[in-house]
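Chemist: Have a look at this one before I ask anything.
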Amino acid sequence: MVQDRIIIRKRKWLATVRGIVTHSVGGPEIEHAPCDMLLGNAILRVAGLDQSVCSTAAATVTLDGIELDCEDCRRLALKYGDRLEVRE
Numbered sequence: 088m089v090q091d092r093i094i095i096r097k098r099k100w101l102a103t104v105r106g107i108v109t110h111s112v113g114g115p116e117i118e119h120a121p122c123d124m125l126l127g128n129a130i131l132r133v134a135g136l137d138q139s140v141c142s143t144a145a146a147t148v149t150l151d152g153i154e155l156d157c158e159d160c161r162r163l164a165l166k167y168g169d170r171l172e173v174r175e
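So, in structure tokens, the structure goes:
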């Protein structure tokens, strides 16, 4: 597991979000990822997904050997909150 301080230091680095899938009513699943965004914003985005709307079991945030799943993102968002956000 990557130490939190390393993640906080790299929160302004560009990360890739994969595996966010939304379900339409009566339609196919649509994957809204992969996409690139700053690590801190990506963590908050994945942590804030509504489980009734999105299937987040496979959602991940990756950056330079760091891979965070939904639970990792939620834990970090609860612990650090707005300090993760990077205003663009």
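FYI, the numbering for the sequence shown is 88 to 175, going by this note's numbering.
The C-beta atom is built at its ideal place from N, Cα and C for all residues, glycine as well.
So what does Ile153 bridge to, in DSSP terms?
Modeler: For Ile153, which the question treats as bridged, DSSP gives the partners Leu150.
Chemist: Mapping DSSP to helix, strand and coil, what is Asp137?
Modeler: Correct three-state label for Asp137: coil.
Chemist: Would you mind reading off the limits of the beta strand (DSSP E) that contains Asp169?
Modeler: Element bounds for Asp169: n/a, residue is neither H nor E.
Chemist: Using only alpha-carbon positions, find the residue among Ile93, Lys166, Glu175, Thr149 that is nearest to Gly106.
Modeler: Answer by Cα proximity: Thr149.
Chemist: Using the Cβ count rule (16 or more neighbours within 10 Å means buried), how would you classify Ile163?
Modeler: Per the sequence shown, the amino acid found at residue 163 is Leu instead of Ile. Leu163 comes out buried.
Chemist: Name the one or two DSSP bridge partners that Leu101 has.
Modeler: Bridge partners of Leu101: Leu125.
Chemist: Taking only the alpha-carbon atoms, compute the straight-line gap between Leu101 and Ile153 and give it to the nearest angstrom.
Modeler: Cα to Cα, the separation comes out at about 12 Å.
Chemist: For Arg170 and Gly113, I'd like the C-alpha separation in whole angstroms.
Modeler: One C-alpha to the other measures close to 39 Å.
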